[in-house]
Amino acid sequence: MSSQEEQIAQRRANLGELAKLGVEIYPRRFDRRHTIVDLVGRYGERTRNELEGERIETTTSGRILSIRSFGKANFLVLSDGLAKVQVYVRQDSLPPRDFQAFKLLDFGDWVGVEGHLFRTKTNEFTIFAARLIFLAKCLVPLPEKWHGLTDIETRYRQRYLDLVVNPDSRRVFETRGRIVAALRAFMTARGFLEVETPMMQPIAGGALARPFKTHHNALDMDLYLRIAPELYLKRLTVGGLEKVFEINRSFRNEGISTQHNPEFTMMEFYEAYADYRTLMAMTEDMMATIARQAVGGDQISFGEHRISFGAPFARLSLRDAAREAASRRLGREVPHADLRRSDTAAALAHQLGLEVRSGSGAGTITGEIFESLCEDRLIQPTFVYDFPTEVSPLAKQKSDDPDTVERFELYIGGLEVANAFSELNDPEEQRRRFEAQLVSRARGNLEAHEMDEDYIRALEYGLPPTAGEGVGIDRLVMLLTDSPSIRDVILFPLMRKRE
RNA sequence: GACCGGGUAGCUCAGUGGUAGAGCAUCGCACUUUUAAUGCGAGGGUCGCGGGUUCGAUCCCCGCCCCGGUUACCA
2 MSSQEEQIAQ
12 RRANLGELAK
22 LGVEIYPRRF
32 DRRHTIVDLV
42 GRYGERTRNE
52 LEGERIETTT
62 SGRILSIRSF
72 GKANFLVLSD
82 GLAKVQVYVR
92 QDSLPPRDFQ
102 AFKLLDFGDW
112 VGVEGHLFRT
122 KTNEFTIFAA
132 RLIFLAKCLV
142 PLPEKWHGLT
152 DIETRYRQRY
162 LDLVVNPDSR
172 RVFETRGRIV
182 AALRAFMTAR
192 GFLEVETPMM
202 QPIAGGALAR
212 PFKTHHNALD
222 MDLYLRIAPE
232 LYLKRLTVGG
242 LEKVFEINRS
252 FRNEGISTQH
262 NPEFTMMEFY
272 EAYADYRTLM
282 AMTEDMMATI
292 ARQAVGGDQI
302 SFGEHRISFG
312 APFARLSLRD
322 AAREAASRRL
332 GREVPHADLR
342 RSDTAAALAH
352 QLGLEVRSGS
362 GAGTITGEIF
372 ESLCEDRLIQ
382 PTFVYDFPTE
392 VSPLAKQKSD
402 DPDTVERFEL
412 YIGGLEVANA
422 FSELNDPEEQ
432 RRRFEAQLVS
442 RARGNLEAHE
452 MDEDYIRALE
462 YGLPPTAGEG
472 VGIDRLVMLL
482 TDSPSIRDVI
492 LFPLMRKRE
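Residue numbers (our numbering): 2 to 500.
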């Protein structure tokens with residue numbers, strides 16, 4: 002029998018013995034007077050004399066993290082996930098059955114305890130147990146207490162184990178919860194209405210990405226998991242909902258990396274009468290506010306970097322960024338004009354050693370130069386603005402430059418954290434943009450946007466001037482929790498199936 | 001997809017072409033204020049999977065699986 006089988010058999014046997022003692026082995030309810038974190042927070046600073054004088058009684062519960070046994074005197078450490086407390090279990094202070102049951106407890110079991118608070122000789126804040134109540138068995142041995150669980154694969158596949166033994170992991174997800182709560186509060190306080198739009202869509206639009214496909218049986222209809230909620234949210238603005246947001250899970254059938262999980266969370270919002278400049282100011286405020294509420298300040302550490310979330314953020318036009326990086330790389334001044342024509346842009350990309358799809362326009366190539374040369378250098382928060390129209394089929398052109406749209410992306414710590422633009426609301430221009438995308442699709446670009454007649458029809462009813470933005474919540478959580486991989490901030494990241 | 005690193009006890013890790021190692025955990029004994037409790041004793045292994053070389057493979061070779069990283073594709 003392997004060590005694990007042996008330990009499981011032993012724990013099962015202990016459970017059987019508990020049942021024989023007449024202990025209910027899967028009880029239904031347990032009423033606590035305090036949680037452990039309450040107990041420690043309220044009384045953890047009391048001195049020995051104060052505790053002796055007050056004789057504070059408590060009933061609490063948690064998982065057993067360790068058992069130190071001296072025969073007739075024993076110490077348990079219980080955790081409720083947020084705090085730990087020691088329990089002193091003394092044979093002559095418990096009902097005999099409780100003490101017999103105690104001896105059948107294993108590391109990892111859930112128990113309740115009744116008793117009063119005191120400090121031991123070594124001044125440890127402790128519950129002096131008068132009753133022990135068995136709550137649930139841990140049949141499988143938990144990871145070791147000292148080294149914890151470091152195996153990354155197990156941490157992702159069995160996140161519950163990671164959460165039991167790695168307090169840092171727990172903290173990441175608590176911070177994530179605070180970030181989402183702070184974002185929601187931020188938006189609501191500014192008069193935005195939280196809405197929910199379809200995750201299953203007949204046309205996967207609103208972004209340039211490959212979708213997951215599914216099928217509805219009763220309707221015999223193919224559907225896609227959304228790649229973005231964008232087109233539905235703007236339909237709502239057509240309907241007169243001037244300020245809407247959705248905290249949305251979206252799905253993209255693309256590669257997996259430290260920055261990409263197939264399903265990910267965005268906060269996307271639309272504001273009528275605003276343009277992308279409005280949103281830059283709002284985004285600066287949003288980032289600083291979220292940082293303060295989630296981690297208590299607007300200065301953070303991310304890997305080797307110190308990052309300030311304080312406004313104002315740097316601003317950099319995309320073409321300038323690409324041109325300057327290309328000039329630096331090639332050691333010569335690249336003229337502005339070279340990024341405006343597809344032939345000169347392609348030649349430039351070739352000199353830089355970048356491969357571009359044949360038939361790519363100047364805008365696509367400029368975007369690629371930016372991505373490969375600039376993205377990961379943008380450590381302090383930076384708005385990269387004014388994107389090529391070609392790569393932005395849903396954004397509004399600048400009034401003086403039809404090849405450029407009013408769009409920005411926010412980069413922090415080398416991560417693309419937000420993407421925003423003044424929304425294209427001219428239905429005829431929107432149709433031309435979709436048609437250009439269809440040409441790109443016909444050339445093999447599987448991420449090109451599809452024609453969405455229903456969306457064009459909505460625009461025909463009139464979308465007021467509007468600006469919209471998507472904020473990548475997973476990446477924001479990475480930044481604010483100093484996590485190097487998106488999988489560290491998603492409770493159950495997608496893993497390959499395993500037998 | 002390519003390249004690099006990894007997969008050995010429940011956990012954390014060492015190791016060798018010749019019977020598989022440690023600490024923690026587990027089991028037994030002792031112990032009524034410990035702090036990774038301690039002391040003594042014991043059990044626990046498909047060395048990721050499959051093939052090959054060899055008298056003999058956990059180790060060398062080939063293929064595959066899984067994980068991580070880099071890179072490519074990809075907004």
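We put the beta carbon where it would ideally sit given N, CA and C, even for glycine.
Burial state of residue i, where buried means 16 or more other Cβ atoms lie within 10 Å
| i | result |
| --- | --- |
| Asp453 | buried |
| Gly63 | buried |
| Ser3 | exposed |
| Met267 | buried |
| Glu51 | exposed |
| Arg13 | exposed |
| Glu509 | The requested residue 509 is not part of the displayed model; the chain covers only 2 to 500. |
| Arg43 | exposed |
| Val173 | buried |
Beta-ladder partner(s) of residue i, from DSSP
| i | result |
| --- | --- |
| Trp147 | Answer is none; Trp147 lacks a bridge partner. |
| Glu269 | Glu247, Gly471 |
| Gly63 | Val112 |
| Met201 | Leu226 |
| Thr215 | Leu224 |
| Leu425 | DSSP output for Leu425 lists no bridge partner at all. |
| Leu411 | Phe384, Ala419 |
| Ile301 | Ile308 |
| Glu195 | Phe246 |
| Ile68 | Leu77 |
| Ser258 | His261 |
| Asp377 | Looking at the DSSP assignment, Asp377 forms no beta bridge with any residue, so it has no partner. |
| Ala315 | Thr383 |
Extent of the continuous beta strand (DSSP E) run through residue i
| i | result |
| --- | --- |
| Ile248 | 244 to 252 |
| Lys85 | 85 to 91 |
| Gln505 | What the structure shows of the chain is the stretch from 2 to 500, and residue 505 is not part of that stretch, so it cannot be assessed. |
| Val78 | 74 to 80 |
Pairwise C-alpha distance: residue j and residue i
| i | j | result |
| --- | --- | --- |
| Leu242 | Val296 | 32 Å |
| Leu495 | Asn262 | 7 Å |
| Gly471 | Gly360 | 29 Å |
| Asp81 | Val38 | 7 Å |
| His148 | Gln5 | 18 Å |
| Asp93 | Ala289 | 57 Å |
| Tyr225 | Ala292 | 34 Å |
| Arg330 | Thr367 | 15 Å |
| Glu436 | Glu154 | 44 Å |
| Val196 | Gly445 | 35 Å |
| Leu353 | Pro403 | 27 Å |
| Gly298 | Gly311 | 9 Å |
| Ile457 | Arg432 | 7 Å |
| Pro96 | Thr127 | 19 Å |
| Thr345 | Gly364 | 12 Å |
| Arg158 | Phe493 | 7 Å |
| Asp475 | Ala275 | 26 Å |
| Ser400 | Leu425 | 12 Å |
| Leu79 | Lys21 | 25 Å |
| Gly473 | Glu391 | 23 Å |
| Arg185 | Arg29 | 35 Å |
| Ala10 | Cys375 | 58 Å |
| Leu319 | Phe371 | 7 Å |
Segment limits, alpha helix (DSSP H) that includes residue i
| i | result |
| --- | --- |
| His117 | His117 -> not in any alpha helix (DSSP H); beta strand (DSSP E) instead, spanning 111 to 120. |
| Thr127 | Note, Thr127: premise wrong, no alpha helix (DSSP H); beta strand (DSSP E) at 126 to 137. |
| Leu460 | 454 to 461 |
| Leu164 | 160 to 166 |
| Glu7 | 4 to 21 |
| Thr290 | 277 to 296 |
| Asp344 | 343 to 352 |
| Asp39 | 37 to 44 |
| Gly240 | No alpha helix (DSSP H) holds Gly240; DSSP gives it neither H nor E. |
| Glu53 | 49 to 55 |
Neighbourhood of residue i by C-beta, 6 Å cutoff - its chain only, sequence neighbours within 5 removed
| i | result |
| --- | --- |
| Glu334 | Ser328 |
| Leu237 | Val245 |
| Pro465 | Ala273 |
Chain-order list of residues whose beta-carbon lies under 8 Å from that of residue i (same chain, five-residue window excluded)
| i | result |
| --- | --- |
| Gly304 | Gly414, Asp483, Pro485 |
| Arg408 | Tyr277, Tyr386, Asp387, Phe388, Ser393, Ala396, Asn420, Ala421, Phe422, Ser423 |
| His525 | Since the first and last residues shown for the chain are 2 and 500, residue 525 lies out of range. |
Own chain, CB closer than 7 Å to residue i, minus 5 neighbours either side, in chain order
| i | result |
| --- | --- |
| Arg442 | Ala449 |
| Asp163 | Leu150, Arg156, Ser170 |
| Leu280 | Ala421, Ala468, Glu470 |
| Ile491 | Asn262, Asp475 |
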